[in-house]
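Sequence positions in the sequence shown follow the working numbering and run 87 to 390. From the three backbone atoms N, C-alpha and C, an ideal C-beta is built for every residue, glycine too. Keep in mind that this is a model prediction, so the values were computed, not measured. Report on the structure given below.
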Amino acid sequence: MKNNSALLFKRLSSETEEILLDSLETLKGGGDSDGTIDGGELDEVVITPDPDDNDDIPPLDPDPEPEEDPFPEEEEENPWDDWEDHGDGPENDEPEEEEKICTCEMQYKELKEGENAEIPEIKDPSNTLGTLKNMLSTQKSSLPNLVIQGDITQAGIDRQLNAVNRVANLVDRIENSGMNIRIEATNNPTGNGKGDGLTSKDISTGEYVININSTGNGYADYVLLVHELVHIGQILDGEIGFDSAGKATMVGMEDEIEAYQTMYDLDAGVFGTPKIATASNIKSDYPNMYNNLPNKGGKCPVHG
């Protein structure tokens, strides 16, 4: 019984092998179980790799460098990139600011103060400024010693002393400003008995000239000088300039009011009440002299 089982297994194994071979031939394209197909038996193709072929293959570079392009593309220039250089484009649509030109006297001189201040040359052949300085010095020393009685009040003394000190400080400032000044006084009273003064600039010498036309009253002449010294101070402050002909520019009525008020304050003395300077009463006292003068003078475009 045992031997019969072995024979049966061998038979089955042989039959199974034939079936598998038939199936394999069918997958190759069909054909008979004897291993042939239409067109003949297929030749077996065996591919064996040549070990020497690998020698011609260069090893891979782990980090290869890119090859340089022999014909690089040039970046096209943008014609709008130089707007700013040529003044074109939206950033330069606004017109260029005009160059500012100085109309005051700061461009002609360097103002110095303190220990290194230049000593100016002040020509005063009539000693009008010298006499004014002596008069101011006398009042500064005598006013505090006045006895308060009658019309002499402490308020009047204080007011007059304040005016004297203001004018004395103005004179000191002018003398230490470095300005070249020429004072010319003439004894030629006008028909109405009022003296007059004028401040101008001599373009040929660069001097600032103060002309005093005397009234015949010494004290009044010194008061007129004070008026013109106020204008010199306004020149120092850049409030007044001069054109190429030496004519004053940027002058306004407010400059005249300041000059007249200083003159009125000093002229009042301890007994009187200073006159108040206004545009109307100045024009009334000196008709046709200030008709064309604006209420406010101009400003220097550079020094303001």
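- By alpha-carbon distance to residue 229, the top candidate from 258, 246, 185 is 246.
- Cβ neighbours of residue 324 within its own chain (closer than 6 Å, five residues either side excluded): 190, 192, 386, 389.
- Inclusion of residue 379 and residue 339 in the CB contact set at 7 Å is warranted, their separation being smaller than that value.
- Here the segment 356–374 lies against the segment 242–261, with 3 or more beta-carbon pairs under 8 Å apart.
- In this structure, residue 266 places its C-beta atom within 7 Å of the C-beta atom of residue 206.
- Secondary structure within the segment 239–292: the alpha helix (DSSP H) runs of 4 or more consecutive residues, fully enclosed, are 240–261 (chain order).
- Each residue's CA atom was taken as its position, placing residue 327 and residue 223 some 31 Å apart.
- Of 313, 366, 333, 308, the smallest CA-CA separation from residue 293 is found for 333.
- DSSP lists no bridge partner for residue 347.
- Excluding its 5 nearest sequence neighbours in each direction, residue 345 has C-beta neighbours in its own chain below 7 Å: 313, 316, 317, listed in chain order.
- If you check the CB distance, residue 309 and residue 349 come in under 7 Å.
- Within the DSSP bridge table, the entry for residue 297 names 270, 284 as partners.
- Going by C-alpha positions, residue 187 is about 37 Å away from residue 218.
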